[in-house]
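Undergrad:
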Amino acid sequence: MRISVIGCGYLGAVHAACMAKLGHDVIGIDVDERKIGELQAGRAPFFEPGLPELLEEVLATGRLKFSSSMADAKGAQVHFLCVGTPQRKGEYAADMRYVDAAFLALLDSLEPGNVVAGKSTVPVGTAARLADDLADCHPEAILAWNPEFLREGFAVKDTLTPDRFVYGVPEGAAGIAATAALDEVYYTPLSMGTRRLTADYATAELVKAAANSFLATKISFINAMAEVCEVTGADVTVLADAIGMDERIGRKFLNAGVGFGGGCLPKDIRAFMARAGELGANQALTFLREVDDINVRRRMRVVELTRTLVGGSLLGKRITVLGAAFKPNSDDVRDSPALSIAAQLQLQGADVTVTDPEAIEGARRRFPELSYEADLETAMAQADALLLLTEWDEYRAISPEMAGEIVSAKNLLDGRNVMEPAAWRSAGWNYKGIGRP
Ligand code: UDX
């Protein structure tokens, strides 16, 4: 099929490459010419395992092209809207200007029978509004909402073989036609057994908001348990293992630590609360405010634990922060707990050095006042405390003996509960985890 992908950020660039991998002819479009140049040259504008290899493979087939001109969307049968919906400045609500602008610009390229498939995470009601606009100027084109659930770090796998597809489609013949078009797009994963649900627009939009809210709630739940563990001397990691063995609960997303960050969970739960408020259903989601509060509180807690770890005052203390990305296998520093903790420690007088295998460049742009060091051993040298805040494999593999020889004081704060306390303690370290004795 001929497909256009509007917006080549994290979601769109991966989606475009994956659709070409599935055998389609794809044009990826973005207003950012620099990004288009990078992608056309086979370079991913962000770190995502497997994406550079996939880009090289599909660009060589000639099935994937990139352009900064919306006119190049003409001729595609399915147009995927993949632009961002960031949090509005000073508000909880999502900023819809990129979705609206992309949709408006696309209208000129549409032909009868085309399907416009929204993938961006949007406030419920957006699809119905866009469908009305579409009906006014292209009554024979169809709008579908097809939310995306990819995780950074696993984006290629999650796009090619997701857990499920969700199609929000209109009733009647248009809905049947849109479903058939999307089934053709996803023929390969569907034929391998990937489940697919069809729903109305509002349900499809809400599936995404609800899924992210549930994940955020799970993380804040275990972080709340960590708070209780801290005052009782209990161990949240054993607690998580034990409750996770109940199949109704499940062990995934029960890792207590510095909390969730990134470009999705924090802003998506806030946008969901804002939208519920507009719809008069704010009470239904007031618990998400608590989820958000617990999450933000984790960051403050780590600052306090660090202060205690270095003897009561942060002034002039050399702190090495291991990890800047919001999670491992990503260079994304948007709302990264690690960076916000590093910045807060620096504000309170500590001398902070941040290291990360991939995210230093992005981190430096956001927090130029922090010091950065790419070499792990150099970063750790002379530190009064190490803070593991993003659990990259290379940090999990640090030897307590080796690290013990280069730091000033053997203090480790394991903000992700991934180190082996006994191994560090027996090497003479003062080990502190989150919610564990
Ligand atoms: C998330 C959703 O998982 C994905 O389905 C959606 O499409 C986009 O948002 P992503 O932002 O890539 O994906 O990250 P995710 O793997 O969900 O992690 C989010 C944050 O939660 C990270 O900061 C991570 O470190 C943290 N986390 C995750 C925990 O603190 N504990 C856990 O147990 C799991």
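Converting from the sequence shown to my numbering requires adding 21 to each position, the first position being numbered 1. Cβ atoms here follow ideal geometry from the backbone N, Cα and C, with glycine treated the same way. What you are looking at is a predicted structure, and each value in this text was computed from that prediction instead of being measured.
Considering only DSSP beta bridges, list what residue 36 is partnered with.
TA: Paired residue(s): none; residue 36 is not in a bridge.
Undergrad: Take residue 279 and list the residues in its own chain whose beta-carbon comes closer than 6 angstroms to its own, dropping the five residues that flank it on each side.
TA: Contacts found: 319, 323, 358, 410 and 436.
Undergrad: State whether the stretch 306-315 contacts the stretch 323-340, with contact taken as three or more CB pairs (one from each stretch) at a distance under 8 angstroms.
TA: Flag = no, the stretch 306-315 and the stretch 323-340 do not touch.
Undergrad: Assign residue 72 to one of two classes, buried (16 or more other C-beta atoms within 10 Å of its C-beta) or exposed (fewer than that).
TA: Its Cβ being crowded by 16 or more others within 10 Å, residue 72 is buried.
Undergrad: Pairing CB atoms from the stretch 406-420 with CB atoms from the stretch 372-390, are three or more of them under 8 angstroms?
TA: In short, these stretches touch, since the Cβ pair count reaches three.
Undergrad: Please confirm whether any heavy atom of the ligand UDX lies closer than 7 angstroms to the CB of residue 158.
TA: The answer is no for residue 158.
Undergrad: Among residues of its own chain, excluding the 5 on either side of residue 92, which ones have a beta-carbon nearer than 8 angstroms to its beta-carbon?
TA: Excluding positions up to five away in sequence, the list reads 129 and 130.
Undergrad: What's the call for residue 158, buried or exposed, on a 16-neighbour Cβ count within 10 Å?
TA: By the 10 Å Cβ count, residue 158 comes out exposed.
Undergrad: Just verifying my parser: in three-state terms, what is the DSSP assignment at residue 284?
TA: Residue 284 falls in the coil class under three-state DSSP.
Undergrad: Using the three-state DSSP reduction, which class does residue 185 fall into: helix, strand or coil?
TA: The answer is strand: DSSP assigns residue 185 an E or B state.
Undergrad: Would you say residue 285 touches the ligand UDX, meaning its beta carbon is less than 7 angstroms from a heavy atom?
TA: Result yes, Cβ under 7 angstroms from the ligand UDX.
Undergrad: Classify residue 321 as buried or exposed, calling it buried when 16 or more other Cβ atoms lie within 10 Å of its own Cβ.
TA: Burial call: exposed.
Undergrad: Exposed or buried, what is residue 127 when buried is set at 16 or more other beta-carbons lying within 10 Å of its beta-carbon?
TA: Residue 127 comes out buried.
Undergrad: What first and last residue would you give for the beta strand (DSSP E) that runs through residue 234?
TA: Where residue 234 is concerned, there is no enclosing beta strand (DSSP E), although the alpha helix (DSSP H) it sits in stretches over 222-253.
Undergrad: Quick one: what does DSSP say residue 464 is sitting in, helix, strand or coil?
TA: Only positions 22 to 458 of the chain appear in this structure, which leaves residue 464 out of reach.
Undergrad: Using only the heavy atoms of the ligand UDX, determine whether one of them is closer than 7 angstroms to the beta carbon of residue 232.
TA: Yes; taking the cut-off as 7 angstroms, the Cβ of residue 232 has a heavy atom of the ligand UDX nearer than that.
Undergrad: Whole angstroms are fine: how far does the CA of residue 209 sit from the CA of residue 64?
TA: So the alpha carbons of these two residues sit roughly 26 angstroms apart.
Undergrad: Drop a sphere of 10 angstroms on the beta-carbon of residue 241, count the other beta-carbons inside from all chains shown, and report buried for 16 or more, exposed for fewer.
TA: Classification of residue 241: buried, given that the 10 Å Cβ count is 16 or more.
Undergrad: When the Cα atoms are used, what is the spatial distance from residue 164 to residue 151?
TA: In a straight line, the C-alpha of residue 164 is about 8 angstroms away from that of residue 151.
Undergrad: With distance defined between alpha-carbon atoms, name the residue in 367, 191 and 277 nearest to residue 457.
TA: Closest by alpha carbon: 277.
Undergrad: Could you round the C-beta distance between residue 25 and residue 94 to whole angstroms and report it? I think they count as a contact, below 8 angstroms.
TA: At roughly 4 angstroms, the Cβ-Cβ gap stays under 8 angstroms, so residue 25 and residue 94 are in contact.
Undergrad: I'd like to confirm something about residue 169: is its beta-carbon nearer than 7 angstroms to some heavy atom of the ligand UDX, or not?
TA: Checking the Cβ of residue 169 against the ligand UDX gives yes.
Undergrad: Where do the N-terminal and C-terminal ends of the beta strand (DSSP E) with residue 331 fall, by residue?
TA: Taken as a continuous stretch (DSSP letters only), residue 331 belongs to no beta strand (DSSP E), as it is neither H nor E.
Undergrad: Does the structure place the stretch 415-427 close enough to the stretch 438-454 that three or more beta carbon pairs sit under 8 angstroms?
TA: Verdict: yes, contact present.
Undergrad: Let me confirm a value: residue 327 is counted as buried when at least 16 other C-beta atoms fall within 10 Å, else exposed. Which label applies?
TA: With 16 or more other Cβ atoms within 10 Å, it is buried.
Undergrad: In chain order, what residues of the same chain lie with their CB nearer than 6 angstroms to the CB of residue 23, ignoring the 5 residues before and after it?
TA: These residues qualify, in order along the chain: 46, 96, 97 and 98.
Undergrad: Between the beta-carbon of residue 168 and the beta-carbon of residue 187, is there less than 8 angstroms?
TA: It is a contact, given that the beta carbons lie within the stated cut-off.
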